[in-house]
Every structure is written in structure tokens, then in C-alpha cells.
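Protein chains in written order, with this note's numbering: chain A, 1285 to 1507; chain B, 16 to 246.
These notes are about the structure you will find just below.
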């Protein structure tokens, strides 16, 4: 566990000092909200439209952060250091997924209130606790998948191009479940029925792909 | 086998009361889809075999299985669209979980090619392709469950008990068509593997010839044809 904590702390310190990923993701998300406002020509959103706009924006913003996830490792020899160190390789995956998870949470803490300010009439505070549960489960799945696919894409020639191509289809279940769980929460009046089923789907996805990523990651890190 | 199936489709199986003749595309579309999906999952297992044994042949098998399944997938989407046009009046409908899941799976596997071709080191390529095959193979059932939950059931579930009202002749024809399609898939995979193997051998021989020709400086030796080993 100590190597995981060390790599994670390194990533978070680097992010805090350079402010490379999270601010860009947040700016991107806010700009996308504005784009949606003009694209849909709507001032207020509710129900499924609100859930869709929110989650599509968060997913695309997540791609920005995922693309940057292994760049420092590749450019400055971090991979060699980790391969030479006497630690398990999967600790890199866990640390990177942890870093991505905290970026996504930070992104949501910024983007959710702005989304509410822009698009929601009321009921945001009421929905917030449940919305955070949805976000945490969805972020976990995105973080695991993102860390796994970023470590695949970083070794290919067309890496920034390949990552969204791989990530988008694989995260469709996360999008379905997150958007469907958010839809009743952002409806007016708020409903809570049916949210539990989608939380279970999200948790199942997290479990399956978390275990899978843990099992295959070793093979990505040899040589 | 496939010819038998086709003959049965045209002469034996009764026309669907509701949809008439067009319903016969069902005997092509559904077996294609089932075989393609099984091919994707099998490719994941082959990828796991590669990671376990480090034998490049497993990676080639996994690659060819995905390749064939993608080609079958194109067939599924096209025949499905024709059937949808005939049965529902639209080329594409979004409220069909099976259609949407298949499209997502297809889009995912299409990215296998850019992934594979953008890694130069052959060993790394084989390993990464296998990891992709495993991840995507596990994704196929998860995706179908998730999309199914999201939509209503409209797509005909032909083989389960509640909707198992297919008359005997239809069921027989369908099963034979399914077996025929599976055999076609296996044959094509075998053929592609043989051709890949032969091409690899040819390239190796040609390189040998070139080296010999440049080192001796004499006239190039006559080209010998080597019969490719099957498989």
C-alpha cells in the first residue's frame, strides 16, 4: 500500500503545484455548458435533458484529464523508475486511478454548482446528496477505465486520438446508468424511485472492470 | 451446410403471417449476430491464452477472430437495417436494446485496428491487443445488460420460453442456419490464419533470398515455391 500512497501523493502534489489538469477540465466543462445553452437554445433544463447535458459534459472533460494522466511518466522516465523499483506494478494503476478519481471529484465540486446556477430552477440542494453518490460511483468506473486505457494509449503512436475512441464505447454503460440515475433526481418535483437500480448497475460495472483492470494491468507494464 | 440452410429458408420454412417474405432475412441476420458476438468473446479468451503462454499464435488467432467478427458485424448491421425497414418502417430505431448494444460493441471493436496498427514493437502489440481483447470481451455481456435495462423489450426474443412460439419448421431452419453460419465463421478464420501464416513464411523466404543475392553478388537463385502448411 505504501508505493500506492507515494505515487498518489506525488501526482496530487504535482497537480497542486502545476495546476495542469483540473482547472482545464473545469474551464472546459463550463464552456461546454454554455455551448449546450446555445446548441439546445434552452435557459432551464430538467429531467433527462439535464442529466444528459451534465454527464456528457463531465465525460468529455474527464477525457482531457485522462489524456494527461501518464504524460509525465512517459516524457520524464517515470515508467522506467517504477519498473526498476521493487514494487508491484499494479500499484501504479491504483495510484493513477486514485489520482484521476480525485481530479473528477474536484471537477464535479466546481462544475455541479455552476451547472445548477446555469440550468436548474430549484431543488439542487435537495438532490445534491444523492447526486454525489451517483457521481462517486460513476467516477470510480471512469477512473479505473481511464487509468487502464490511458496506460494502453500512452504507448501507441496516435495516443490522444486513440484514447477517446477506446474510452467512449467502454463507458457507455456508465453513461446510461449515471444519466438514468440522475434523471429522476433533477426532475421537477424530485423523484427517488428507480435510482437504486442504477446505483447497483454502476457498482456492478465498477466491480467487474476494477477486478479486470487489476488482473490485466501487469501485462501492460513489462519491458 | 449453408446451402442446405438456404434451401430450407426458401422452400421449407413457412412465411411469417405478419411480415411475409421479408421475415426470411431473420435466418441470416440472427445467426450472423450470434456468431459475431460469440466470436468477440472467444477472441477475449484467446487473448488470455496469449498472455498466459506468450505464444504469438494465440494473438494471431485472437486478431483473426476479432477481424472476422467485425466483418460479420457489418453484415449484421446491414441485414438488420433492411429488416428494420421492412418490419418497422425505419432503417434505424433507438428503442431497441439489441440494436443499440450491438452498435456500441461494433464501434468498440472497430478501434481494435487503430490500436493494433499504432504499436510498432511486435511483442508489445501482441500483449496490448490481448489486453484489449479481454477487456472488450468482458464488456460485451455487461453492455448488453446495461442497454437492456435502459430500454423496453421490443426486440423479439426468439429462443426463450415465453416467446418460444416459433413453429417447429422455423426453429429447425433457424438452428441449421445458425450451425451453418458458425461453420462459415470457423472456416473463414482458419483460411485467414493459413493465409497469414503463408504470407509470413513468404516474407521470411524473400528476405533470405535477398540476403543471399546481395552477399554472393551472383544471379538471384530461382524462386522455389513452398507449399504453405495448413494452419
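The beta-carbon is built from N, C-alpha and C at its ideal position, and this holds for glycine as well.
As the structure is a prediction and not an experimental result, all values here were calculated from the model.
Classified as buried, residue 78 (chain B) has 16 or more neighbouring CB atoms from the shown chains inside 10 Å of its CB.
Excluding its 5 nearest sequence neighbours in each direction, residue 1478 (chain A) has C-beta neighbours in its own chain below 7 Å: 1468, listed in chain order. The DSSP-derived three-state label of residue 1420 (chain A) is helix. Residue range 1331–1352 is occupied by the alpha helix (DSSP H) that includes residue 1334 (chain A). Taking each of A:1405, A:1413, A:1499, A:1459 in turn and checking the Cα distance to residue 1425 (chain A), the smallest one comes out for A:1459. The beta strand (DSSP E) runs lying completely inside the stretch 49–135 of chain B and spanning 3 residues or more number zero. For the 8 Å CB-CB criterion, residue 55 (chain B) and residue 194 (chain B) do not form a contact. Around residue 1503 (chain A), the beta-carbon contacts reaching into chain B at under 8 Å are 66, 142, 145, 146. Listed in chain order, the non-local C-beta contacts of residue 1414 (chain A) below 6 Å within the same chain comprise 1469, local neighbours out to five positions each way being set aside.
Here the alpha carbons of residue 1385 (chain A) and residue 1448 (chain A) stand approximately 18 Å from one another. From the beta-carbon of residue 84 (chain B), no residue of chain A is found nearer than 8 Å; the closest lies around 15 Å away.
For chain B, the residues of the stretch 1448–1460 of chain A that bring a beta carbon within less than 7 Å of one of its beta carbons are 1449, 1450, 1453, 1454, 1456, 1457, 1460, in chain order. In chain A, no part has a C-beta under 8 Å from the C-beta of residue 209 (chain B); the shortest such distance is about 28 Å. Residue contact with chain A for residue 222 (chain B): absent (no Cβ-Cβ distance below 8 Å to any residue of chain A).
Assignment of beta strand (DSSP E) within the stretch 1293–1320 of chain A, counting only whole runs of 3 or more residues, yields no such run.
For residue 1390 (chain A), the uninterrupted alpha helix (DSSP H) run begins and ends at 1374–1403, by DSSP.
Interface criterion met: the Cβ of residue 1485 (chain A) is under 8 Å from a Cβ in chain B. Sixteen is the threshold: since fewer than 16 other Cβ atoms of the shown chains lie within 10 Å of the Cβ of residue 128 (chain B), the residue is exposed.
Contact between residue 208 (chain B) and residue 75 (chain B) holds, with the beta-carbon distance rounding to 6 Å and staying under 8 Å. Note on geometry: alpha-carbon atoms of residue 1452 (chain A) and residue 1340 (chain A) lie some 10 Å from one another. Residues of the stretch 1430–1446 of chain A with a C-beta less than 9 Å from any C-beta of chain B: 1432, 1433, 1436, 1437, 1439, 1440, 1441, 1442, 1443, 1445, 1446, listed in chain order. Taking the C-beta atoms as reference points, residue 1304 (chain A) is found no nearer than 8 Å to residue 1342 (chain A). Only buried fits residue 1503 (chain A), as 16 or more other CB atoms lie within 10 angstroms of its CB. Ranked by Cα distance from residue 115 (chain B), the first of B:136, B:82, B:163, B:141 is B:163. In chain order, 1454 make up the part of chain A whose C-beta sits under 7 Å from the C-beta of residue 154 (chain B). Identification of residues in the stretch 39–64 of chain B having a C-beta nearer than 8 Å to some C-beta of chain A yields an empty set. By the rule that beta-carbons nearer than 8 Å mark a contact, residue 113 (chain B) does not touch chain A.
Residue 1412 (chain A) and residue 1309 (chain A) have their alpha carbons spaced roughly 21 Å apart. Residue 137 (chain B) has a beta carbon lying at 8 Å or more from every beta carbon in chain A.
The beta carbon of residue 1496 (chain A) falls within 8 Å of a beta carbon belonging to chain B, placing the residue at that interface.
The DSSP-derived three-state label of residue 1444 (chain A) is helix. A Cβ-Cβ separation of about 18 Å leaves residue 144 (chain B) out of contact with residue 122 (chain B) under the 8 Å criterion. Closest option to residue 1383 (chain A), judged by alpha-carbon separation, among A:1476, A:1492, A:1432, A:1465: A:1432.
A straight line joining the alpha-carbon of residue 111 (chain B) with that of residue 95 (chain B) spans about 11 Å. Within 10 angstroms of the beta-carbon of residue 1482 (chain A) lie 16 or more other beta-carbons, which makes it buried. Looking at the backbone, the Cα of residue 161 (chain B) and that of residue 1368 (chain A) are separated by about 41 Å.
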